Structure formats: C-alpha cells, structure tokens
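In the working numbering, the protein residues as written are 879 to 1176. Remarks on the structure that follows.
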Amino acid sequence: MFLVATVGAFPMLLSAAPAVAQGRANSSPRAASPASGREKPATSSQQPGTRNQLPTTIHQLPATANHWAFKPPIAQNPPPGTAPEPIDRFLLAALKAKGLAYSPPADRRTLIRRVTFDMIGLPPTPAEVDAFLADRAPNAYEKIVDRLLADPRYGEAQARHWLDTAGYADSEGVLQEDRIRPNAWRYRDYVIRSLNADKPYDQFLREQIAGDELVDHHAAWTPAIEECVTATGFLRTAVDATRDDFNAHQFTEYQVRMLNDTQTILVSSTLGITLQCARCHDHKLEPFTQRDYYRMQA
C-alpha cells in the first residue's frame, strides 16, 4: 500500500509496507529512496518546481492548515450514556465501537493505592488505607484527591514529566568528567513549586522562556523577580561544552551546538512538533522552512 503526499512542490511516496523486503533488498522501497542514490527519475508531472515556485514561509505550506499542533481545541458534546463523567462517555463510546467495555470497578483498597501512586509516586500508609476504607461519605474519594493535591510530594512526582521534557540533569552530560551543575537544582525546585502552586500554564511557559525579560532584575531583587529569573534555567538544560577549560579554540562550534539543542528542547516541549530537521533543509514533514529555523533561533 502506497500513499502519495505532496510537500511544497515535491511529491513524496509513503509506504505502509516494510522498508526492506526479505530476500528482495534491491527491489525494496528503501532501495529506491533518495538516500540510496538509486531513486527513480521523476515523470514530467513530478518534476520539482523552480526555486521561485517553492514555498517561502510556513503559511504557504499546505500542511499548515491541517497540522494538529496549530489547531485550537474544540469543545465536543459527550456521547449519550450513563457514565457520570463526560470523559468516560467518550471512552466508553470508543470501546463499544470495538466490542469492548470497562473493567469492573476497583475495590477501595486498590483505588487508594492507584491514586496515591499516580499523584505522589508513593504508596499510601496503612493508616491512610484504613481511614479511607472506614470513610463511607459520598465524597470520600474526592477528599483523598484533595489531600494528595495539597501534598508537597505531588509537585515532586509530577515535575518529573516536565523535567524529562526539558532535558533536565544535575550534571553536564558531556565528556567522561560529567561535571556537576551546582545550581541546576534551583530550576528543578522552581518547577516543583509551580506545580504545587497550580500556576497557570501560560505563565509557567512565559517565565521559563523569557522570565528575565518579564522583570527588571537590574533595578531590584525580590523573591518574585528571583522566581522569574530562576525559571529561565529551562534555557540552560541542553548539553553545554562552552567551558573555558575545554576546547577554547572550538568555542563558536560548541556554542552553536548548544543553541541548536536548546531550540530543539524549546520547540518539542512547547509546540508539539519537531523543528530540528529544518536546520539543514526545509522540513520534509513539518510545515517549517530552513529560514524559519534560524529566524526562531535568532
């Protein structure tokens, strides 16, 4: 099965078949790819356009309008059903379409273990389990969730997901020395505090991307200003080999590498897309040109 997708003026052949067929390597789709140097010549209707015919901005690329990352969320009415939560109605409708259904409800001991592990990454204490089993109030489960949301360990557990996306590490991750970053923990703790404070997501992003531009940290230094400046540690999580004691003659090269890695982290974590392929050429799958790549980095 083959699908033909057009990116700019170039048709692309997408295959659902294996890239290399066993025993038929020379006739496999991979053998005819551009990287192999044995691609088939284009027909007259497939000839690439001239440079002037190629799209120059992401707004001219046809994929932009249909790219999921650029579509605002649209509220949908839940399907009819008896489930109390709207999200369950969506899930049940999808399951029923496949002849499936929910598993039986979990018993209360299993339920408190699940929610506690999910929210703080630790098991409930025996006393917490006993208290939940004895609590027959209709909102007993909601009280457990509220308690866990107020637990400082909630931010510690949930921060792991964002810190993984941000590429956080306590050390440089370069060379055998793997030098410790003595102040990296400040950014880690900023993320934990933000989640425990239920900070709005847009504010969370603005502080990390441009926290030092949101405040005048030259005129004063307050806890609020320190918080915004600390948040920009997000822009220092990439591997950085621009140290004075390491390859000083290659400083510019390593600085560019660090900027490229930082941009990759920023775009992939906040925009839901990849941009790094546009570093060397217009992106073949995402609606970005090489010019867009360097404009964003500048």
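Glycine included, each C-beta is placed from N, C-alpha and C at the ideal position. All values reported here derive from a predicted model rather than from experimental measurement.
Put simply, the backbone Cα of W1099 is about 29 Å away from that of Q1036. Looking at the DSSP output, S1049 sits in a beta bridge with I1058. Non-local beta-carbon contacts of D1029 in its own chain, meaning distances under 7 Å to residues more than five positions away in sequence, involve I998 in chain order. Short of 8 Å from the beta carbon of G959, and not among the five residues preceding or following it, lie these beta carbons of its own chain, in chain order: D966, R967, L970 and A971. Taking the C-beta atoms as reference points, Q1154 is found nearer than 8 Å to T1142.
E1050 and D1139 do not touch by the CB rule: their CB atoms are close to 12 Å apart, not below 8 Å.
Inclusion of A1102 and E1085 in the CB contact set at 8 Å is not warranted, their separation being larger than that value. A direct Cα-to-Cα measurement between H1127 and L1137 gives close to 18 Å. If you draw a straight line from the Cα of P956 to the Cα of R1066, it is about 38 Å long. A Cβ-Cβ contact shorter than 8 Å links L1026 with V993.
In the structure shown, L1092 falls within a helical segment according to DSSP collapsed to helix, strand and coil. DSSP places S981 outside both helix and strand once states are collapsed to three, so it counts as coil. For I1143, the enclosing alpha helix (DSSP H) stretches over residues F1129 to T1148. Shown here for D1160: same chain residues with a beta carbon closer than 6 Å to its own, the five before and five after excluded, namely T1167 and Q1168 in chain order. Beyond the five residues adjoining it in sequence on each side, I1022 comes within less than 7 Å, by CB distance, of I990, V993 and F1010 in the same chain, given in chain order. DSSP assignment within the region 964–1042 yields the following whole alpha helix (DSSP H) runs of 4 residues or more, N-terminal first: 964–975, 986–998, 1004–1012 and 1018–1027.
In this structure D1076 is exposed. Its beta-carbon is surrounded by fewer than 16 other beta-carbon atoms within 10 angstroms. Pairing E1164 with E1020, the inter-Cα distance amounts to about 42 Å.
Residue burial annotation: D1170 is buried, with at least 16 other C-beta atoms found within 10 angstroms of its C-beta. R1059 places its beta carbon 8 Å or farther from that of D1042. A check of alpha carbon separations from P1004 across R987, F1129 and F1082 identifies R987 as the nearest.
In the structure shown, A1156 adopts helical secondary structure according to DSSP, grouped into three states. Within a 10 Å sphere around the beta-carbon of G1033 sit 16 or more other beta-carbons, which makes this residue buried.
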